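Asker: This is the structure I want to talk about, given as structure tokens.
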Amino acid sequence: MTPSLRRAYRMTRYSVAGVTIRIGRRSPGMDRLLRLYNHREGAFLTAYNPFSRRMPAGWNRRMQTNLANVLSGRTILPAGGCWRGWAESHVVVFGSYRRTMVLARKYRQHGIVMVRLRQPALLVYTSLVD
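Structure (structure tokens):
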């Protein structure tokens, strides 16, 4: 993964239920959501653009729907991430980020954004990153 791609991940604004998350920063709004859904941690996950390669919009939507179906037994909220001209749909998956990491690998993502109660958001890379 190139330095510019790593920077893009760090600069992206992730949002869920009116709350904006930035990597490296704590979010009182995210803390409220975690408490509301009775979880101590969660993660932003997407099926869009595997390995950061732009895919057609229809393909991205189908994969994101597939991901939501796979997560049907877990607590999730629709979310998104954007920076400059780049935007992707995400979901916030409440619960252990380790279970979410398995799906990030399956959907060929470089990483997930992990959120924990009273802690800054972290970018956690999958083992798929070089």
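Here this note's numbering is used: position 96 in the sequence shown is 76, and no number is missing along the way.
In this text, a Cβ means the ideal position worked out from N, Cα and C, and glycines have one as well.
Here the structure is a predicted model, which is why all the values come from computation and not from measurement.
Candidates V72, R(-10) and E21: which alpha carbon is nearest R96's?
Answerer: Looking at the Cα atoms, E21 is the closest of the given residues.
Asker: Do you know offhand how far R6's Cα is from L102's?
Answerer: When rounded, the distance between both Cα atoms is 10 Å.
Asker: Quick check: V(-4) and A59, are their CB atoms within less than 8 Å of each other?
Answerer: Yes.
Asker: Would you say the segment 50 to 58 touches the segment -17 to -5, given that touching needs at least three Cβ pairs under 8 Å?
Answerer: The segment 50 to 58 vs the segment -17 to -5: no contact.
Asker: Do you know how far the Cα of R64 is from the Cα of W39?
Answerer: So the two alpha carbons sit approximately 22 Å from each other.
Asker: Between which two residues does the alpha helix (DSSP H) carrying R78 extend?
Answerer: Note, R78: alpha helix (DSSP H), Y77 to K86.
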